[in-house]
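The next block holds one structure in the form of structure tokens; read it before the comments.
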Amino acid sequence: MKTEVFISGGGIGGLTLALKLAKRGIDVVVAEKLPGETPVYKGELLQPKSMQVFEGLGLDSEIRSFANEIRVLDLLELSSSLQVKDRSFMDYSVLPGKFNRAFMIRHEQLKSIIRNAALQYPHFHYFSGTACKELTESKAVLQLGKDKTEVEARYFFGAEGRASVTRKAMGISVKAAEYNHHFLTVTFPRRPDFTDGRIISTYNRFLGLFPLPDNEVRSVYLISPGEYKQLKEKPVEYFHKMYTDLAPSVNGYVQQITSWKKIQLMIPIQYHASSYVKGNKAIIGDAAHAVHPMAGEGMNMAIQDADILGELAADMITSGHTDPENLHWYEKVRYSRAAYVLGLSHLSALAYSFPYKPVSYLRRRTFERMEEDQFLHYKQMLNISGMGIWKENARDRLIQSGVLPRRKRGPTLDMKERNLFAKEDDYPWKEEGLT
Ligand SMILES: Cc1cc2nc3c(=O)[nH]c(=O)nc-3n(C[C@H](O)[C@H](O)[C@H](O)COP(=O)(O)OP(=O)(O)OC[C@H]3O[C@@H](n4cnc5c(N)ncnc54)[C@H](O)[C@@H]3O)c2cc1C
24 MKTEVFISGG GIGGLTLALK LAKRGIDVVV AEKLPGETPV YKGELLQPKS MQVFEGLGLD
84 SEIRSFANEI RVLDLLELSS SLQVKDRSFM DYSVLPGKFN RAFMIRHEQL KSIIRNAALQ
144 YPHFHYFSGT ACKELTESKA VLQLGKDKTE VEARYFFGAE GRASVTRKAM GISVKAAEYN
204 HHFLTVTFPR RPDFTDGRII STYNRFLGLF PLPDNEVRSV YLISPGEYKQ LKEKPVEYFH
264 KMYTDLAPSV NGYVQQITSW KKIQLMIPIQ YHASSYVKGN KAIIGDAAHA VHPMAGEGMN
324 MAIQDADILG ELAADMITSG HTDPENLHWY EKVRYSRAAY VLGLSHLSAL AYSFPYKPVS
384 YLRRRTFERM EEDQFLHYKQ MLNISGMGIW KENARDRLIQ SGVLPRRKRG PTLDMKERNL
444 FAKEDDYPWK EEGLT
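When you read off a place in the sequence shown, starting at 1, and then add 23, the result is the number in our numbering.
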């Protein structure tokens, strides 16, 4: 079989990339190892930039109809006696323009929306239950059951997640860093009026609640490494109490989890491949980087990689500038952005990683300051949204730590807009030209 672009992995990243190419009339083959839905929880929070990408693909209204809108993340810090000590907000509506909110959508639902859109195109070929075993310069070796088949392509893109065959074929290895904590994660029913995100912490406990549509909520609860095994030996009521202690509003709902079997362990890791492109191959999403889930960025980074690489490859093929050297534009745009988000997520993880009262005090103070100082708040929301990057400077840090007073005014609309990514930032080769 021959195609223009072969994509290994039909997760969110691979499917978004394939749809971008198929929409531009490019023949694309996707091989997905799993025959059906993935049994593990994966990312479900769509940041504003991802919604902008999906608007470009004509999917935004369909996605909204299957999603729960998140305008605000409510941050509650409780005392040792579990009383609310501090409350602050992270408010997406400070972002200018229409992409000023996040959305929670079930991972498999999002995948099926993207896949169904791609299936409308006769030059989109999707092979499920088919693993990519090996890649050479010009071929991918696929395996379905006992049968092996080969696909010849001009470009090979790896979107297989953490264990990437493409990354291996490119000779790039990654070293994963682990954290001093793990998470329990599970979805259960919620009160209908609980629709915004909520993070509840004490000096040594953390619970994140992210409402999904259909009155469900996805939760993450921080535990120590090794604790999962011990917890599973306790009655499931012990788990219910861990949640209701911190969030009395889930009482009557979390009890609908009746077995530890539903509750999964999530082990956060972080790595960043040294490069994304080699010859006629490139990697995206978790194949290229793994990010701590605290800031809800993993799935969004995969979507944003797919947007840039898809636009670039489509431009290269449709304009006849097919020299693989041009693929480096993708790395040029995405590498530093991903590095920044990895750092941001790592810092957010550290804020909740150490079970000591002084750390909890610093965290409270930082969030208070972030809410009071409109520059700090805007920068935080912009940086997690993916719509732009506006790095913190020395003055910001001094305000955050309480050395300097908060600013009386916030950024003007012009200042806000100046830090959004423009088309020229996302797709610079369109101005500067392909070789
Ligand atoms: C267990 C787990 C829990 C997570 N939880 C969260 C979370 O709560 N919040 C968050 O923001 N992020 C979370 N993430 C991260 C987020 O889901 C990922 O960053 C995002 O899914 C990355 O998308 P991707 O398309 O790059 O990779 P993936 O979603 O991993 O998709 C890769 C696809 O490739 C397929 N594949 C693998 N190998 C091959 C092969 N050889 N041939 C063909 N197909 C192959 C896989 O079956 C899979 O469908 C989690 C990740 C994992 C692994």
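Don't be surprised by glycine CBs; every beta carbon is placed ideally from N, CA and C.
Measuring C-alpha to C-alpha distances from P347 to each of F390, S247, Y178, S368 identifies Y178 as the nearest.
The criterion of a C-beta distance shorter than 7 angstroms is not satisfied by G409 and Q132.
Under the Cβ criterion (8 angstroms, minimum of three pairs), the segment 93-109 does not count as touching the segment 198-212.
Taking a cut-off of 8 angstroms for Cβ pairs, the segment 134-153 and the segment 51-63 touch, as three or more such pairs fall below it. Between I136 and A90, the C-beta gap is not smaller than 7 angstroms, which leaves the two residues out of contact.
I340 places its beta carbon less than 7 angstroms from that of I49. Annotation for T341: the continuous alpha helix (DSSP H) segment containing it runs 321-342.
Around the beta carbon of V63, fewer than 16 other beta carbons lie within 10 angstroms, which makes this residue exposed. For the pair H315 and A362, the CB atoms are not nearer than the 7 angstroms cut-off. Looking only at P236, K355, V273, L332, the smallest Cα-Cα distance to A41 is reached by L332. Counting along the chain, F211 sits inside the beta strand (DSSP E) bounded by residues 205-212. Separation of the CB atoms of A176 and A310 is rounded to 17 angstroms, and the pair is thereby denied contact status at 8 angstroms.
About 16 angstroms separates the Cβ atoms of L80 and K121, ruling out a contact at the 8 angstroms cut-off.
At least one heavy atom of ligand 1 is found less than 6 angstroms from the C-beta of L57. Spanning the alpha carbons of G37 and S424 requires a straight line of approximately 42 angstroms.
Short note on E92: C-beta not closer than 6 angstroms to any heavy atom of ligand 1. If you ignore the 5 residues before and after S187, its C-beta comes within less than 7 angstroms of the C-beta of G181, I306, A310, all in its own chain and listed in chain order. CA-to-CA, the gap between L367 and R386 works out to about 15 angstroms. Between E395 and L165, the alpha-carbon positions lie close to 55 angstroms from each other. Nearest to Q327 by C-alpha distance, out of G308, A313, H312, A336, is G308. For G66, the shortest C-beta to heavy atom distance toward ligand 1 is below 6 angstroms. Relative to ligand 1, the beta carbon of I86 is positioned no closer than 6 angstroms to any heavy atom. About 23 angstroms separates the Cβ atoms of L57 and G319, ruling out a contact at the 8 angstroms cut-off. With contacts defined as CB atoms closer than 7 angstroms, E440 and P119 qualify as a contacting pair.
Partner residues in the beta bridge of S151, as assigned by DSSP, are E55. A straight line joining the alpha-carbon of Q279 with that of I223 spans about 21 angstroms. Considering only Y226, N238, E201, R228, the residue with the shortest C-alpha distance to D219 is N238. Using a cutoff of 6 angstroms, the CB of E183 counts as near ligand 1, since one of the ligand's heavy atoms is closer than that. Uninterrupted alpha helix (DSSP H) stretches at least 4 residues long and entirely within the segment 73-136 occur at 83-88, given in chain order. In the DSSP assignment, E175 falls within the unbroken beta strand (DSSP E) covering 170-175.
Relative to ligand 1, the beta carbon of S359 is positioned no closer than 6 angstroms to any heavy atom. The segment 250-335 contains, as complete alpha helix (DSSP H) runs of 4+ residues, the segments 250-255, 259-269 (chain order). Taking M193 as reference, the option from H295, A200, V300 with the minimal CA-CA separation is V300.
In the DSSP assignment, E60 falls outside any alpha helix (DSSP H) and carries neither an H nor an E. With fewer than three CB-CB distances shorter than 8 angstroms, the segment 348-362 does not count as touching the segment 102-112. D83 and A125 have their C-alpha atoms spaced approximately 12 angstroms apart.
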